Amino acid sequence: MSEMRGNSRLPRWQTATPSISRHALTLYLTGQKAQIYSRLSGHWRNAVHTFNADIAIIGAGGAGLRAAIAAAEKNPLLTIALVSKVYPMRSHTVAAEGGSAAVTQSTDSFDSHFHDTVSGGDWLCEQDVVDHFVRHCPAEMTQLELWGCPWSRKPDGSINVRRFGGMKIERTWFAADKTGFHILHTLFQTSLKYPNIKRFDEHFVLDILVDEGQARGLVAMNMMEGSLVQIRAKAVIMATGGAGRVYRYNTNGGIVTGDGMGIALKHGIPLRDMEFVQYHPTGLPGSGILITEGCRGEGGIMVNKDGYRYLQDYGMGPETPLGKPENKYMELGPRDKLSQAFWHEWRAGRTVATPRGDVVYLDLRHLGEEKLLERLPFICELAKAYVGVDPVKQPIPVRPTAHYTMGGIETDARCETRIAGLYAVGECSSVGLHGANRLGSNSLAELVVFGRLAGEQAAERAQGASAASSTVVDSQARDVETRLHSLMNQEGTEKWSTLRDAMGLSMEEGCGIYRTPELMQQTMDTLAELKERFKRVKITDHASVFNTDLLYAIELGHGLEVAECMAHAAFHRRESRGAHQRLDEGCTARDDVNYLKHTLTFRASDGGAPRIDYTPVNITTLPPAKRVYGAESTAQDNHARQQKHEESANG
């Protein structure tokens, strides 16, 4: 294997591609196809390069970039390999629209943010993790400001904050309605300051390397050249995003396929709380395009086919005045409650039938053109482009769409997994922040708060860790080559696209907003069948330069494993909590006696159904209570204030 060290001149796969003509590019790719075909016929080993780093980070979205910056600042002498299957600015963080939570106002407090997050997560949050999170959010938002993030401001120049669902006070920082784009751009440009961060763009990670229970690096495919690269490292951070693409209709980009989760499963790391998949209440029907919660934070209303603001019938009323939204009321309830309300309206026949599915309407017209173009310009563009609606003049058709994976790779409070030196951060992880339902605007903040923590922890480990055994990691890298070669030459007639469509539809039916044991069982049976059929998938493209036929098949393999964990975890949780709602008798209410615990799903060694286990929830200061919104929430808050006043008066 050819070898290069971190302080050497970067190998060709890491340099920028020069601008060339289309004709020259065609000739280049044609030549590459002939060269790569011979590699795939049994000569991969001659194409493997080795790069020595101290830290390898998989994923260059918000979490991966923040981790890389933190590690580089912690120790400028460390070499950090930042590996991504896309160019960093194409990471899914760019799609986040609404904002990022942090206590800012004098009327707000860490305790309030803590309470909103824990209750919003239906008490399945790790409360020590939530406490760390809320206390570090303001510093991270300020750091992004110092790095150049253009936060929206009030007329007096102070940071503006908007309302968001489930939050009892305005605490969501935003940059118009392209917050994720601006955060990602800020982090990406900041990362360029650090010469010890070496980028491996358009590299598809195939597996991690583990020796004696410690993470030792990874093996990736250079998608442009068709070669493999082994990156040796003393610590590895997974920042690979969620798994929303296992659902047919979702808001996620095409790269959000559960790769990191699938790799972790294979190495014996459990996925935690995978039954909790968030449906966002306002997705554009049929397109997977998200209409940000910021629309409702600005005062948008939701109505059924009769023009009635139906959320007042589902514990979030009474109806608020038009254009005067109130925190925790009506449209500013939590996402799980709003999505469930849509389901009930649909069952009652009060939604609007369209060729792309039943919808309700998000009405922004009363906000006026000036405010819409100032605060929500991107939403106006999206509505016009995808459904032909001008929000200034017409309501936007919306329906719940699979959006966010609350569960993920199990980690401790320091983002470390059960494999020493392997960390996970962001949506691919389950550090215990979101519980059974994520509050909007907590996820962008999570990327930077825990991205920094993971980067610092990895840097500390890399400083003191010894190098891996070359013999062991080289052997593992050869095993990866062998498996890749086997997949390329696998005999069969199945198409990955057919299997992927079947997986997505099955997940919608069995693991949607409301669930029944019969439909969940059907989904589990379908996924088991699809896993068997996957063994007969035929790769028809024998090139390896951006071979999407091969890459999509690999992604599907991960997706099937992750989807199976979701379905089995849901089937075994016999209660209703947060985003996991069941309709069968005895399971329609929250059951703290039997299910105030985390679900762990382990990959079966024989390739069969996942093994299920449970671990307790860490409750520090806030015992379980009823989740309340609307007038009931106000009454509860008033009662708590009265009690506190009486206690103070009594000494």
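For what it's worth, UniProt numbering labels the leading residue of the sequence shown as 1, then goes sequentially.
Glycine included, each C-beta is placed from N, C-alpha and C at the ideal position.
Remember, predicted model here, so these are calculated numbers, not experimental data.
In the DSSP assignment, N52 falls within the beta strand (DSSP E) that extends over 49-52. When the Cα atoms are used, N437 and R245 turn out to be separated by approximately 19 Å.
Judged by pairs of C-beta atoms under 8 Å, the stretch 272-279 does not touch the stretch 320-334, as fewer than three such pairs exist. For A424, the beta-bridge partners assigned by DSSP are M238. By the beta-carbon neighbour count (other beta carbons within 10 angstroms, threshold 16), T292 is buried. Secondary structure of Q394 (DSSP, three-state): coil. Boundaries of the beta strand (DSSP E) around G217: 214-222.
As DSSP reads the structure, A101 sits in a beta bridge with T172.
Per DSSP, reduced to three states, the secondary structure at N250 is strand. Rounded to whole angstroms, the separation of the alpha carbons of Y552 and C149 is 34 Å.
Taking 4 residues as the shortest admissible run, the UniProt region "Disordered" (630-651) contains the following complete alpha helix (DSSP H) segments, listed from N- to C-terminal end: 630-649. Taken in chain order, the whole alpha helix (DSSP H) runs of length 4 or more contained in the stretch 555-601 are 592-595. Residue state for F114 is assigned as helix, using DSSP reduced to three classes.
Closest in C-alpha terms to Y386, from the list G283, G297, Q457, S576, comes G283.
Nearest neighbour of G120 by Cα position, chosen from E225, R335, Q340, L209, turns out to be R335.
Classified as buried, D363 has 16 or more neighbouring CB atoms from the shown chains inside 10 Å of its CB. Spanning the alpha carbons of A625 and V129 requires a straight line of approximately 19 Å. Assignment of beta strand (DSSP E) within the stretch 353-402, counting only whole runs of 3 or more residues, yields 360-363 in chain order.
In the three-state DSSP reduction, D131 falls in the helix class (H, G or I).
Membership of R533 in the alpha helix (DSSP H) is indicated by the continuous run 517-534. When beta bridges are read from the DSSP output, I301 appears opposite D363.
Here DSSP, grouped into helix, strand and coil, assigns H203 to strand. Nearest to G440 by C-alpha distance, out of Q127, I169, A60, is I169. In the three-state DSSP reduction, T93 falls in the helix class (H, G or I). Put simply, of K535, I183, T257 the residue whose alpha carbon is nearest the alpha carbon of A96 is I183. In this structure, the straight-line span from the alpha carbon of R375 to that of P155 is close to 14 Å.
Cβ contact annotation for S429 (same chain, cutoff 6 Å, sequence separation greater than five): G408, I409, T411, in chain order.
Residue pairing of T615 in beta bridges, as defined by DSSP: H598. In the same chain as I197, and ignoring 5 residues on each side of it, the C-beta atoms closer than 6 Å to its own belong to A68, A72, I80, L82, S191, in chain order. Straight-line measurement puts the Cα of C415 at about 20 Å from the Cα of W123.
Leaving aside the five residues that flank M89 on each side, the residues in its chain whose CB is nearer than 8 Å to its CB run, in chain order, L184, H185, F188.
Counting only runs of 4+ residues, the alpha helix (DSSP H) found wholly inside the stretch 320-355 occupies 335-347, in chain order. In the DSSP secondary-structure assignment, I183 is not bridged to any residue. In this structure the stretch 335-346 lies against the stretch 308-320, because at least three pairs of beta carbons, one per stretch, are closer than 8 Å. The residue among F181, C137, G62, D541 with its C-alpha nearest the C-alpha of G226 is D541. Its Cα nearest to that of V48, the residue N222 stands out among N222, P138, A215.
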